[in-house]
Each structure stands twice: as structure tokens, then as C-alpha cells.
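Colleague:
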Amino acid sequence: MKNCKIINPIYPYNYQRMCLSIARLVRQYGEILCTEQGGRSTQGRCIPLVSLGKGKKKVLAVGAIHGREYVSAGYLLMCMEEYAKAFCSKELYCGFDLRKLISEYTLHFVPVANPDSVEIALGRARPSVQVQDFNSYFYKNNANDVNINANFPFEWQSVPKSRQGGESAGSEAETKLLMKLCETHRYEKMFSFHSRGDCIYWRDEKNGEIQKDKELSEKLSAGCGFSLCPVTENAEDYSGGFENWFRYRFARPALCIELVRDENAPFDLCCREFFTLTRWKQTRYALLLSVDD
Numbered sequence: 004m005k006n007c008k009i010i011n012p013i014y015p016y017n018y019q020r021m022c023l024s025i026a027r028l029v030r031q032y033g034e035i036l037c038t039e040q041g042g043r044s045t046q047g048r049c050i051p052l053v054s055l056g057k058g059k060k061k062v063l064a065v066g067a068i069h070g071r072e073y074v075s076a077g078y079l080l081m082c083m084e085e086y087a088k089a090f091c092s093k094e095l096y097c098g099f100d101l102r103k104l105i106s107e108y109t110l111h112f113v114p115v116a117n118p119d120s121v122e123i124a125l126g127r128a129r130p131s132v133q134v135q136d137f138n139s140y141f142y143k144n145n146a147n148d149v150n151i152n153a154n155f156p157f158e159w160q161s162v163p164k165s166r167q168g169g170e171s172a173g174s175e176a177e178t179k180l181l182m183k184l185c186e187t188h189r190y191e192k193m194f195s196f197h198s199r200g201d202c203i204y205w206r207d208e209k210n211g212e213i214q215k216d217k218e219l220s221e222k223l224s225a226g227c228g229f230s231l232c233p234v235t236e237n238a239e240d241y242s243g244g245f246e247n248w249f250r251y252r253f254a255r256p257a258l259c260i261e262l263v264r265d266e267n268a269p270f271d272l273c274c275r276e277f278f279t280l281t282r283w284k285q286t287r288y289a290l291l292l293s294v295d296d
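The numbering used here puts the first residue of the sequence shown at 4, with every later residue one more than the last.
1. Report all residues from its chain with a CB closer than 6 Å to the CB of R20; omit the five preceding and five following residues, and keep chain order.
2. What is the C-beta distance between G66 and A128, in whole angstroms, given that I count them as a contact (C-beta under 8 Å)?
3. Rounded to whole angstroms, what's the CA-CA distance from P114 to G56? Just pull it up for me.
4. In whole angstroms, what separates the C-alpha of G47 from that of K209?
5. Output the residue ranges of the alpha helix (DSSP H) runs that lie fully inside the segment 41-100 and measure 4 residues or longer, sorted by chain position.
6. Out of C97, C91, N247, P118, which has the shortest C-alpha to C-alpha gap to S106?
7. For the structure I just gave you, are there three or more beta carbon pairs, one from the segment 245-254 and one from the segment 201-218, closer than 8 Å?
8. Starting from T286 and walking both ways along the alpha helix (DSSP H), at which residues does that stretch end?
9. Just curious, the alpha helix (DSSP H) that L125 is in, first and last residue?
10. Whole angstroms is fine: what's the gap from K215's alpha carbon to L262's?
11. Express the C-alpha separation of Q31 and M4 in angstroms, rounding to a whole number.
12. DSSP three-state label for K209, please.
13. Taking the alpha-carbon positions, what's the I225 to F194 distance?
14. Around the Cβ of G98, are there at least 16 other Cβ atoms within 10 angstroms (buried) or fewer (exposed)?
15. Please tell me whether K123 and G70 are closer than 8 Å, where the distance is taken between their beta carbons.
16. Could you have a look at C37 and say whether DSSP puts it in helix, strand or coil?
17. Should R166 be labelled buried (16 or more other beta-carbon atoms within 10 Å of its own) or exposed?
18. By DSSP, does F196 sit in helix, in strand, or in coil?
19. Assuming contact is defined by CB atoms lying nearer than 8 Å, are Y142 and S120 in contact in what I supplied?
20. Quick check: what's the CA-CA separation for P15 versus R255?
21. Grouping DSSP H, G and I as helix and E and B as strand, with all else coil, what is S174?
22. What does the Cβ neighbour count give for K183, buried or exposed, with the cut at 16 atoms within 10 Å?
23. What first and last residue would you give for the alpha helix (DSSP H) that runs through E191?
24. Whose C-beta lies closer than 8 Å to the C-beta of D295 among residues of the same chain, with five residues either side of it excluded?
25. Does the distance from the C-beta atom of I68 to that of I10 stay below 8 Å?
26. Classify R189 as buried or exposed, calling it buried when 16 or more other Cβ atoms lie within 10 Å of its own Cβ.
27. Which two residues bound the contiguous alpha helix (DSSP H) that contains C22?
28. One question on the structure: do L110 and C185 come within less than 8 Å of each other, judged by their Cβ atoms?
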């Protein structure tokens with residue numbers, strides 16, 4: 004049945020639930036959705052890559068690079084379902100013509116880039132190494148206790164020990180997977196979705212201006228209500244970062260989007276109050292605005 008609702012983001016998407024939901028989405032919307040294995044995590048979990056669209060130009064959207072920020076997985080899964088439903092129904096999605104947009108673009112989704120970390124954060128798995136200050140509720144690193152968002156080969160030597168950037172740049176399975184995807188598909192734009200801040204990090208001092216980065220950021224700010232952060236100036240804050248590496252490697256826009264307005268909201272509450280805290284009715288347009296040239 005085409006109207007069967009599949010995604011419910013008020014409950015956290017653990018690994019099994021995510022995989023089952025993606026499989027159901029692909030069965031229901033196979034006309035426009037397909038999936039493949041992007042690679043494997045440190046503990047051997049498959050990391051799905053979901054493709055929506057038929058266009059030559061590609062955009063990447065990544066969620067849950069930090070395990071405790073699993074609300075971003077629910078957000079991307081919701082986008083996948085609603086966009087696919089609108090495409091298959093041939094109806095406008097809040098004014099957007101999905102048939103036109105994704106004849107020009109293909110959206111690639113990695114809803115959970117760090118599945119081991121999500122399982123650990125939800126108390127369903129343990130790290131592969133001994134962690135002195137392990138607390139599953141606040142856990143964000145991968146199973147090797149490495150912060151993936153500080154492990155990319157961009158100014159990695161400036162990553163402070165407190166950010167846990169790993170033993171070497173690009174050392175982690177999850178980092179390698181994301182780098183390989185970007186190298187393979189040469190995305191026009193990249194979006195890394197996180198949980199708390201209701202803002203966009205869009206430029207760092209080392210990379211400087213990237214063509215159309217300000218235009219894109221201001222468009223999403225105006226359309227979705229995200230505030231724009233100042234240019235990140237401290238190398239300790241941007242070193243080893245995914246979006247920062249992407250800008251350096253491809254000289255194309257890469258945004259870090261913090262979804263939830265309340266910076267102190269508990270991570271489980273971000274799911275329970277998903278529609279309110281993510282401002283879903285407004286922020287659901289983010290990826291569509293990015294491809295509405």
C-alpha cells in the first residue's frame with residue numbers, strides 16, 4: 004500500500020530498526036529509492052547508502068556521525084519517506100516539484116554513519132576498547148573510542164587530545180567509508196546533520212570562501228530558520244572535521260546542520276519531542292532548498 008506510513012522518529016532508530024525500515028521503504032518506493040552497502044563499521048555492521056533520484060548531480064546527507072545524536076537518523080529517514088512518497092504520488096511537496104528536482108539531482112543518504120556508536124549510546128552494545136569515562140547515554144565516539152568528526156585528514160595535527168581524533172588521520176573504518184563515497188561520487192554539496200544548536204556551520208578560516216557557500220547557507224537559514232554561525236576560526240574546532248575536509252578536498256559547499264533548538268535537550272528527548280524540537284514542518288525543506296537551483 005502506497006499510503007502505509009513507515010517512519011516514526013519519536014523512537015530512536017537503533018541499528019536493526021533502521022535496517023528494517025530502509026528495507027521497507029525500498030520495497031514501497033522502489034520506483035525511486037534503492038540501497039546499497041556503503042561499507043562496514045568498526046564492529047562489522049553494514050552501513051547502508053540510500054539513493055533517491057535519477058539526476059546526474061549528486062548531494063550527500065549524513066546522519067549520526069556521533070552515536071548519541073541519533074535524532075538525525077530519524078530526520079533523514081523522514082525526509083526519505085516523504086520525498087519518495089511525493090515523487091511516486093506525482094504531487095507537489097509543499098510547493099516543491101520532486102519529479103523535476105530529482106530528475107536533475109540524486110540525493111544520497113547515509114542515515115547512520117556510526118552505527119556502533121548508536122548501539123552503544125542506546126545501551127545495546129559495548130565499545131571494542133576500554134573506555135575510562137564510558138557512559139552510554141552521552142557516548143558519541145565509535146567503537147574504538149575515536150571521534151569520527153575529528154578523524155578526517157584535514158589539519159588533523161591540530162586536533163586536541165580532548166577531541167579524541169584517533170591515532171592517525173583517516174584511521175577509522177567509518178571515516179574511510181565516508182571519504183570513499185565522496186571520492187567516488189564527487190558530490191556537488193554535502194550535509195552532515197547533528198543534534199543540538201539549531202544552526203549551520205558553513206565556513207572555516209583555513210578553507211576560507213568556497214564558491215556559493217554563503218548563498219547556500221543563507222538560503223537554508225531563510226527557508227528553515229537555522230541561525231548562521233560565525234566563521235570557525237580556531238583550528239582546534241575545525242581540525243579533522245568531515246565538512247571541513249570535504250571543503251578542502253573538493254572546494255564545494257559542505258554544511259554542518261544542528262537540528263534541535265534547545266542546546267540542553269537530553270538526547271532521548273530530542274526523539275520523543277521530535278516534531279517540536281527539530282521544527283520539522285520548517286526544517287524538512289533543507290535538502291530540497293539545496294537542490295532547487
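C-beta: ideal position from N, C-alpha, C; glycine also.
Modeller: According to the data block:
1. Within the same chain, R20 has no close Cβ partners at all.
2. The pair is not a contact, with the Cβ atoms about 18 Å apart (cut-off 8 Å).
3. 16 Å
4. 35 Å
5. 74-92
6. C91
7. As far as the Cβ criterion goes, the segment 245-254 touches the segment 201-218, which means the pair count is three or higher.
8. 283-286
9. L125 -> no alpha helix (DSSP H), and no H or E assigned at all.
10. 22 Å
11. Confidence at M4 is low in this model, with a pLDDT of 47, below 50, so its placement is unreliable and the value that follows should be read with caution. Roughly 7 Å separates the two Cα atoms.
12. coil
13. It is Ala, not Ile, that sits at residue 225 in the sequence shown. When rounded, the distance between both Cα atoms is 17 Å.
14. G98 comes out exposed.
15. Note that residue 123 corresponds to Ile in the displayed sequence, not to Lys. Yes, the pair counts as a contact, with Cβ atoms nearer than the cut-off.
16. strand
17. buried
18. strand
19. yes
20. 32 Å
21. coil
22. exposed
23. From DSSP, E191 is part of no alpha helix (DSSP H); its letter is neither H nor E.
24. Non-local beta-carbon contacts of D295 in its own chain, meaning distances under 8 Å to residues more than five positions away in sequence, involve F99, L104 in chain order.
25. no
26. Of the residues assessed, R189 falls on the exposed side of the cut-off, its CB having fewer than 16 other CB atoms within 10 angstroms.
27. Per DSSP, C22 belongs to the alpha helix (DSSP H) from 18-31.
28. no
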